[in-house]
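Okay, so the sequence shown: first residue is 315 according to our numbering, each after it adds one.
Just so you know, even glycine gets a beta-carbon here, dropped at the ideal spot from N, CA and C.
Notes for the one structure printed next.
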Amino acid sequence: MGVLGSPVHICMCARREPAAGELKDPQMRSMSKGVHFTCPFARSCTITKAKRRQCQACRLQKCLAAGMRKDMILSEEALQARRALRWQRQQERKLAGLTAEQEQLIAILIEAHTRNFDSSFSQFQHYQPAVRLYIHSPSPRSTPEPGAPHHAQGLPAMENGATLPSPESLSDDVLPDVFSMLPHYADLSTFMIQQVIKFAKAIPAFRNLPIYDQISLLKDATLDICQIQFNTVFNEKDKAWECGHHCYTIQDGALAGFQQIYLEPLLKFHISLKKLKLHEAEYVLLQAMVLFSPDHTSVTQHDFIDQLQEKVALTLKSYIDHRHPLPEGRFLYAKLLLLLTELRSLKAELTRQILHIQDLSSMTPLLSEIIS
315 MGVLGSPVHI
325 CMCARREPAA
335 GELKDPQMRS
345 MSKGVHFTCP
355 FARSCTITKA
365 KRRQCQACRL
375 QKCLAAGMRK
385 DMILSEEALQ
395 ARRALRWQRQ
405 QERKLAGLTA
415 EQEQLIAILI
425 EAHTRNFDSS
435 FSQFQHYQPA
445 VRLYIHSPSP
455 RSTPEPGAPH
465 HAQGLPAMEN
475 GATLPSPESL
485 SDDVLPDVFS
495 MLPHYADLST
505 FMIQQVIKFA
515 KAIPAFRNLP
525 IYDQISLLKD
535 ATLDICQIQF
545 NTVFNEKDKA
555 WECGHHCYTI
565 QDGALAGFQQ
575 IYLEPLLKFH
585 ISLKKLKLHE
595 AEYVLLQAMV
605 LFSPDHTSVT
615 QHDFIDQLQE
625 KVALTLKSYI
635 DHRHPLPEGR
645 FLYAKLLLLL
655 TELRSLKAEL
665 TRQILHIQDL
675 SSMTPLLSEI
685 IS
C-alpha cells in the first residue's frame with residue numbers, strides 16, 4: 315500500500331533504464347508499430363532478469379499488468395517532434411550560456427595570448443645552443459688518458475633537438491653531463507618570462523592595478539603560467555615539448571641540473587593536463603585564474619583581485635558547462651582545480667632547485683627577480 319492508502323504497482327520487467335516516451339523497450343516499440351506477440355506455452359512464463367528475452371509475449375503482459383499504458387506511448391512522429399524540440403532547447407541554452415561580459419573577457423584573453431605567446435618559437439633568437447652531452451665517468455673500466463681534455467672523454471654533443479640516447483642504451487660508465495643544457499635553459503626561461511609579462515600587460519584589468527600589485531602578481535604566477543603555456547606545445551605521445559624547431563624532453567631538464575623529484579611530477583602534470591583536451595579559451599582562462607590570485611600577502615588591492623579571479627573562474631565554469639562536449643567536459647572544472655594545486659607544489663620544488671643550481675641566477679637576472 316502507498317503512503318495515502320492507494321495500491322502501488324511495481325514493474326518487474328527486469329529493466330534498469332527508463333523507457334517511457336523514448337521507445338527503448340522492445341515491447342513499446344512493437345506496440346507502436348502494431349506488432350503482436352504470441353506465447354508458445356501457456357502464457358505463464360516466469361519473467362526474470364536472466365529470462366526476460368525468452369518470451370516477449372509474457373514480458374509484455376507483465377509490463378501491462380504493472381501499469382504500462384498503451385495510450386501513453388508516443389508515436390514515431392510525436393517522438394521525432396519531441397527530439398527536435400529538445401535539440402532546439404539545448405542549442406538555445408548553449409548560445410545563452412555565456413553573458414556578453416564573459417564573451418568579452420574570453421576575447422580579450424585570447425587576443426592577449428595570441429599576440430604575445432609565440433607557439434612556433436620563431437622569435438626565440440640569439441640564444442646559446444642546446445648542448446646535450448654525455449661523458450664517461452671516472453671508473454676502473456674507463457680510465458682517461460693522462461692530460462686528455464674533458465670534452466675528449468665525452469660522447470658527441472647534440473644540438474637543436476637531436477635525439478637524446480635513453481639511459482638504458484648507455485653503458486654503466488657513461489653519465490649525463492649535468493649542466494650542459496643550463497645556458498640554453500637560462501635563455502629559454504628568460505624568453506618565456508618575457509612572453510608572460512607581455513600577456514599580463516595586454517589585459518586591461520591587470521594594467522589598471524597599481525605597479526606594486528602588478529609586480530607581486532607576476533612574481534607569484536609567472537612560473538605557473540609558463541607551464542600552462544608550455545602544455546599547449548606538449549606532445550603527449552612522444553612526451554616531448556615541440557617548440558618550433560626545438561624539441562625538449564624530460565631528460566633535457568636533467569641535463570640542465572634539475573632532479574627527478576621535480577622532473578617526474580612535472581611530466582605527469584603535463585600528461586594529465588593534455589589529456590583534458592582543453593580549448594584555447596580554457597587555456598587562457600586558466601592562465602588568468604593563476605595570474606589574478608589574491609593569495610599573495612603583499613598585494614594592496616586584495617578585494618579587487620579576488621573579484622577578478624572569481625569572475626574568471628565563473629567564466630571558465632560556464633564555458634566548460636556550455637561549450638566543452640562530453641565526455642571530456644564531465645568534471646573538467648574540478649579536475650583543473652586539482653591540477654592547479656599540483657602546479658603550486660611543482661613551483662615550490664622548482665624554486666628550491668633553481669636556488670641550488672650554481673650560476674643559474676647570474677645567468678638569468680629576470681628569473682632571479684621572479685623567484686626572489
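When the Cα of residue i is compared with those of the options, which residue comes out closest?
i: Leu657; options: Val626, Leu587, Leu680; result: Leu587
i: Lys551; options: Ile539, Ile585, His559; result: Ile585
i: Leu423; options: Leu660, Lys582, His593, Arg666; result: His593
i: Leu255; options: Gln442, Leu388, Cys540; result: For residue 255 there is no data in the structure shown, the boundaries of the chain being 315 and 686.
i: Leu669; options: Gly571, Ala426, Pro579; result: Gly571
i: Met603; options: Glu624, His616, Phe583, Asp617; result: Glu624
i: Ala380; options: Ile361, Gln416, Arg429, Met677; result: Ile361
i: Thr428; options: Ser389, Gln509, Leu399, Arg397; result: Gln509
i: Ser433; options: His440, His560, Lys365; result: His560
i: Phe355; options: Lys365, Cys369, Val349; result: Cys369
i: Leu374; options: Ala392, Glu391, Val349; result: Val349
Identify, in the order they occur along the chain, each residue of the same chain with its Cβ nearer than 8 Å to the Cβ of residue i, setting aside the five sequence neighbours on each side.
i: Ser358; result: Cys372
i: Ser436; result: Gly558
i: His638; result: His593, Glu596, Leu646
i: Leu531; result: Ala514, Phe520, Leu523, Leu605, Phe606, Ser607, His610, Val613, Ile619
i: Leu600; result: Ile542, Leu592, Leu630, Leu650, Leu654
i: Val626; result: Leu419, Leu599, Ala602, Met603, Phe606
i: Ile511; result: Leu532, Thr536
i: Pro463; result: Low per-residue confidence applies at Pro463: pLDDT is 37, beneath 50, and the placement is therefore not dependable enough to give any value.
Rounded to a whole number of angstroms, what is the C-alpha to C-alpha distance between residue i and residue j?
i: Gly494; j: Asp501; result: Reading the sequence as shown, one finds Ser at residue 494 and not Gly. If I take the Cα positions, the gap works out to 13 Å.
i: Ile420; j: Phe431; result: 16 Å
i: Glu596; j: Asp635; result: 12 Å
i: Gly411; j: Tyr633; result: 8 Å
i: Ala414; j: Arg383; result: 47 Å
i: Ile529; j: Asp566; result: 30 Å
i: Ile517; j: Val598; result: 11 Å
i: Gln667; j: Gln574; result: 11 Å
i: Leu622; j: Lys582; result: 30 Å
i: Arg396; j: Arg367; result: 29 Å
i: Phe544; j: Asp617; result: 30 Å
i: Ala426; j: Met386; result: 56 Å
i: Gln394; j: Thr546; result: 42 Å
i: Arg400; j: Arg644; result: 20 Å
i: Pro579; j: Phe438; result: 27 Å
i: Ala392; j: Ala398; result: 10 Å
i: Leu687; j: Leu652; result: No information on residue 687 is available, as it lies outside the stretch 315 to 686 that the chain covers here.
i: Lys365; j: Glu390; result: 29 Å
Under 9 Å between the Cβ atoms of residue i and residue j?
i: Ile671; j: Lys533; result: no
i: Ala514; j: Phe505; result: no
i: Leu590; j: Leu650; result: yes
i: Ala662; j: Ser607; result: no
i: Thr614; j: Tyr526; result: yes
i: Met677; j: Pro497; result: yes
i: Leu628; j: Gln416; result: yes
i: Tyr576; j: Leu640; result: no
i: Ala568; j: Tyr562; result: no
Under 6 Å Cβ to Cβ from residue i, same chain only, skipping five residues before and after it: list those, please.
i: Leu680; result: Thr504, Ile507
i: Val317; result: Because the pLDDT at Val317 is just 48, under 50, the model does not fix this residue reliably, and the value given afterwards should be weighed accordingly. Nothing listed; no residue qualifies.
i: Asn549; result: Glu556
i: Ile564; result: Leu577, Leu581
i: Glu642; result: Lys591
i: Asp704; result: Because the chain is modelled from 315 through 686, residue 704 falls outside the range shown and cannot be assessed.
i: Tyr441; result: Asp501
Considering only residues of the same chain and omitting the five flanking positions on each side of residue i, which have a CB-CB separation below 7 Å?
i: Glu683; result: none
i: Lys631; result: Tyr647
i: Thr352; result: Ala371
Where DSSP assigns a beta bridge to residue i, which residues make up the other side?
i: Cys561; result: Glu556
i: Asn549; result: Ala554
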